[in-house]
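Reviewing the structure listed below.
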(Lines of atoms letter the chains of each structure in order from A and count residues from 1; the text may use other names and numbers.)
(Lines give C-alpha, C1' and ligand atoms only; values in the text may rest on other atoms or scores of the structure.)
Protein backbone atom coordinates (compact mmCIF):
# COMPACT_ATOMS: atom_id res chain seq x y z
CA UNK A 1 0.00 0.00 0.00
CA UNK A 2 1.49 3.38 -0.97
CA UNK A 3 2.58 5.69 1.83
CA UNK A 4 -0.07 8.14 3.00
CA UNK A 5 -3.09 6.13 1.89
CA UNK A 6 -3.71 4.18 5.09
CA UNK A 7 -6.17 5.99 7.33
CA UNK A 8 -4.65 6.32 10.78
CA UNK A 9 -7.82 7.11 12.73
CA UNK A 10 -7.08 10.49 14.17
CA UNK A 11 -9.50 13.30 15.00
CA UNK A 12 -11.50 12.85 11.81
CA UNK A 13 -12.33 9.24 12.63
CA UNK A 14 -13.39 10.04 16.19
CA UNK A 15 -15.61 12.91 15.06
CA UNK A 16 -17.16 10.57 12.47
CA UNK A 17 -17.85 7.94 15.17
CA UNK A 18 -19.22 10.52 17.62
CA UNK A 19 -21.46 12.00 14.91
CA UNK A 20 -22.93 8.57 14.11
CA UNK A 21 -23.37 7.59 17.77
CA UNK A 22 -25.08 10.87 18.67
CA UNK A 23 -27.31 10.57 15.62
CA UNK A 24 -28.42 7.07 16.67
CA UNK A 25 -29.02 8.19 20.25
CA UNK A 26 -31.14 11.12 19.07
CA UNK A 27 -33.10 8.80 16.78
CA UNK A 28 -33.88 6.41 19.64
CA UNK A 29 -34.93 9.31 21.86
CA UNK A 30 -37.32 10.55 19.18
CA UNK A 31 -38.70 7.02 18.73
CA UNK A 32 -39.38 6.65 22.48
CA UNK A 33 -40.78 10.17 22.63
CA UNK A 34 -43.31 9.43 19.89
CA UNK A 35 -44.29 6.18 21.61
CA UNK A 36 -44.79 7.74 25.04
CA UNK A 37 -46.71 10.67 23.58
CA UNK A 38 -48.97 8.27 21.68
CA UNK A 39 -49.63 6.48 24.97
CA UNK A 40 -51.88 9.35 26.08
CA UNK A 41 -54.53 8.23 23.58
CA UNK A 42 -54.36 4.60 24.70
CA UNK A 43 -54.30 5.09 28.46
CA UNK A 44 -54.03 8.52 30.12
CA UNK A 45 -53.17 6.83 33.45
CA UNK A 46 -50.28 4.93 31.88
CA UNK A 47 -49.11 8.15 30.25
CA UNK A 48 -49.18 9.90 33.66
CA UNK A 49 -47.11 7.05 35.15
CA UNK A 50 -44.53 7.31 32.37
CA UNK A 51 -44.30 11.09 32.77
CA UNK A 52 -43.86 10.61 36.53
CA UNK A 53 -40.79 8.44 35.88
CA UNK A 54 -39.34 11.25 33.78
CA UNK A 55 -39.13 13.40 36.92
CA UNK A 56 -36.53 11.14 38.57
CA UNK A 57 -32.87 12.17 38.95
CA UNK A 58 -31.65 9.31 36.73
CA UNK A 59 -33.82 10.45 33.82
CA UNK A 60 -32.78 14.05 34.45
CA UNK A 61 -29.13 13.05 34.02
CA UNK A 62 -30.14 11.25 30.83
CA UNK A 63 -31.76 14.50 29.66
CA UNK A 64 -28.44 16.24 30.17
CA UNK A 65 -26.87 13.50 28.05
CA UNK A 66 -29.50 14.16 25.40
CA UNK A 67 -28.62 17.86 25.41
CA UNK A 68 -24.96 16.87 25.02
CA UNK A 69 -25.75 14.58 22.08
CA UNK A 70 -27.94 17.13 20.30
CA UNK A 71 -25.44 19.97 20.76
CA UNK A 72 -22.46 17.92 19.56
CA UNK A 73 -24.40 16.49 16.62
CA UNK A 74 -25.58 19.95 15.55
CA UNK A 75 -22.19 21.65 15.93
CA UNK A 76 -20.32 18.82 14.25
CA UNK A 77 -22.90 18.80 11.47
CA UNK A 78 -22.11 22.45 10.79
CA UNK A 79 -18.42 21.52 10.69
CA UNK A 80 -19.13 18.73 8.20
CA UNK A 81 -21.07 21.17 6.01
CA UNK A 82 -18.13 23.59 6.13
CA UNK A 83 -15.66 20.83 5.21
CA UNK A 84 -17.86 19.71 2.31
CA UNK A 85 -18.87 23.06 0.85
CA UNK A 86 -16.02 25.44 1.72
CA UNK A 87 -13.04 25.12 -0.60
CA UNK A 88 -10.59 25.48 2.32
CA UNK A 89 -12.68 23.28 4.62
CA UNK A 90 -10.58 20.10 4.34
CA UNK A 91 -7.44 22.08 5.15
CA UNK A 92 -8.93 23.45 8.38
CA UNK A 93 -11.04 20.49 9.50
CA UNK A 94 -8.87 19.70 12.53
CA UNK A 95 -9.02 23.29 13.78
CA UNK A 96 -12.76 23.37 13.18
CA UNK A 97 -13.19 20.14 15.14
CA UNK A 98 -11.35 21.57 18.15
CA UNK A 99 -13.45 24.73 17.83
CA UNK A 100 -16.59 22.58 17.86
CA UNK A 101 -15.36 20.74 20.95
CA UNK A 102 -14.54 24.03 22.70
CA UNK A 103 -17.92 25.58 21.90
CA UNK A 104 -19.63 22.33 22.96
CA UNK A 105 -17.82 22.32 26.33
CA UNK A 106 -18.77 25.95 26.98
CA UNK A 107 -22.42 25.33 26.05
CA UNK A 108 -22.57 22.16 28.15
CA UNK A 109 -21.13 24.02 31.14
CA UNK A 110 -23.80 26.68 30.63
CA UNK A 111 -26.53 24.02 30.39
CA UNK A 112 -25.43 22.18 33.54
CA UNK A 113 -27.49 24.05 36.11
CA UNK A 114 -30.59 24.82 34.00
CA UNK A 115 -30.96 21.17 32.96
CA UNK A 116 -29.93 19.51 36.21
CA UNK A 117 -31.39 21.99 38.71
CA UNK A 118 -34.29 19.65 39.61
CA UNK A 119 -31.90 16.80 40.39
CA UNK A 120 -29.51 19.05 42.29
CA UNK A 121 -32.38 20.33 44.46
CA UNK A 122 -33.69 16.79 44.98
CA UNK A 123 -30.32 15.37 46.01
CA UNK A 124 -28.78 18.29 47.90
CA UNK A 125 -31.76 20.43 48.91
CA UNK A 126 -32.26 24.08 48.15
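Numbering (the working numbering), first residue to last: 39 to 164. Quick reminder that beta carbons are idealized off the backbone N, C-alpha and C, glycines included.
Check, Outcome
"In its own chain, which residues sit with a C-beta less than 7 Å from the C-beta of residue 165, not counting the 5 before and 5 after it?", "Outside the displayed range of the chain (39 to 164) lies residue 165, so it cannot be described from this structure."
"Quick check on residue 140: does DSSP put it in helix, strand or coil?", "helix"
"On the three-state DSSP scale, how would you describe residue 55?", "helix"
"Figure out for me which residue from 93, 69, 132 has the closest Cα to the Cα of residue 153.", "93"
"If you pair each beta-carbon of the region 127 to 142 with each one of the region 47 to 56, do three or more pairs fall below 8 Å?", "yes"
"Assuming residue 63 and residue 107 form a contact by the criterion Cβ under 8 Å, report the distance between their Cβ atoms to the nearest whole angstrom.", "5 Å"
"Compute the Euclidean distance between the alpha carbons of residue 104 and residue 161, then round it to the nearest angstrom.", "21 Å"
"Can you list, in chain order, the residues of its chain whose CB lies under 7 Å from that of residue 120, leaving out five sequence neighbours each side?", "127, 134"
"Could you tell me which of 48, 99, 131, 88 sits nearest to residue 71, measuring between CA atoms?", "88"
"If residue 91 sits next to residue 97, beta carbons under 8 Å apart, how far is it from one beta carbon to the other, in whole angstroms?", "6 Å"
"Expressed to the nearest angstrom, what Euclidean distance is found between the alpha-carbon atoms of residue 155 and residue 149?", "10 Å"
"So, using beta-carbon positions, are residue 77 and residue 84 closer together than 8 Å?", "yes"
"Write down the C-beta distance between residue 157 and residue 95 rounded to the nearest angstrom, noting that I regard them as a contact closer than 8 Å.", "4 Å"
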